Amino acid sequence: MSNVSIFQSNEERLFLPIMSTLYNQFAQPYGWLIFRIIFGGMLVIEGWPKILDPFAQVGFVEHLGFYPGWLWSPLLAVMQFFGGMFIVAGLLTRPVAIANAVMLAITLWFHFAHPFGHAFLTPAGIEALQAGSDFFTPEGISRLSDGGVKFLHLVQLKAYLASLFWTVGTLLIAAFGGGYFSIDRLMKKQF
6 MSNVSIFQSN
16 EERLFLPIMS
26 TLYNQFAQPY
36 GWLIFRIIFG
46 GMLVIEGWPK
56 ILDPFAQVGF
66 VEHLGFYPGW
76 LWSPLLAVMQ
86 FFGGMFIVAG
96 LLTRPVAIAN
106 AVMLAITLWF
116 HFAHPFGHAF
126 LTPAGIEALQ
136 AGSDFFTPEG
146 ISRLSDGGVK
156 FLHLVQLKAY
166 LASLFWTVGT
176 LLIAAFGGGY
186 FSIDRLMKKQ
196 F
């Protein structure tokens, strides 16, 4: 392995060498900053309700096998909310990102291990839907006419993809650190 930064674009290796300055001085440092801010910011947004009610997930984390839930639920809230802030700032970026990546990988596993199921409605529910009712909007009737099978498959796919996106994104941040514009770099430290 060489000591050349993985983020540097060597002019001799580019198809368009004239672009090296744009890549090295603008696209890479600012692109990574934007990526880190968006990822960390979304962790803050997702973590905010958990901070407001830190014990809300006690039953959920215990269902996953993490005991005691009264410890893990607030810990996850803190990790997600404040960890997102640390990622935005680029402070202790790698350890915070790897901790969140582990949490998000568990979320990814959970979606695979506990799928939503095959349908929302039982055959009796489909009959009630088809009989007509003021309880269902026309959009609801069209989405649930098969019992919700297509809708649930779509929701399940989105759960898989979102969890995969979050897990891989935090792993990327853990792998490459805070980047050019980070408190870690200002402190001249890598964690």
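Following the numbering used here, the numbering of the sequence shown begins with 6 at its first residue and continues without gaps. Note that CB positions come from ideal geometry on N, CA and C, so glycine has one too. This one's a predicted model, so the numbers in the text were calculated from it and none came from an experiment.
Taking one C-beta from the region 97 to 104 and one from the region 168 to 179 each time, how about it: are there three or more such pairs within less than 8 angstroms? yes
Could you please give the first and the last residue of the uninterrupted alpha helix (DSSP H) stretch that includes Ser150? Run containing Ser150: none; DSSP gives neither H nor E here.
Thr98 and Gly36: beta carbons closer than 8 angstroms? no
Does the region 135 to 154 come into contact with the region 52 to 60, if we say contact requires no fewer than three beta-carbon pairs (one atom in each stretch) closer than 8 angstroms? no
With 16 other Cβ atoms within 10 Å as the buried cut-off, status of Met108: buried
Roughly how many whole angstroms lie between the Cα atoms of Glu17 and Ile92? 33 angstroms
Kindly indicate which residue of Met47, Val49 and Val83 has the alpha-carbon position closest to the one of Leu62. Before going on, a small fix: residue 62 reads as Gln here, not Leu. Nearest option by C-alpha distance: Val83.
4-residue-minimum alpha helix (DSSP H) runs that sit fully inside the region 84 to 171, ordered along the chain: 98 to 118, 128 to 136 and 143 to 149
Between which residues of its own chain and Gly88 is the CB-CB distance below 7 angstroms, once the five residues before and five after are set aside? Leu48, Val101, Ala104 and Asn105
For the structure I just gave you, are there three or more beta carbon pairs, one from the region 185 to 193 and one from the region 113 to 130, closer than 8 angstroms? no
Classify Val160: buried if its beta carbon has 16 or more other beta carbons within 10 angstroms, exposed otherwise. exposed
Would the beta-carbon of Leu38 fall within 8 angstroms of that of Gly152? no
At the level of alpha carbons, what is the spacing between Ala32 and Val154? 43 angstroms
Check for me: the alpha helix (DSSP H) holding Gln33 runs from which residue to which? Gln33 to Leu57
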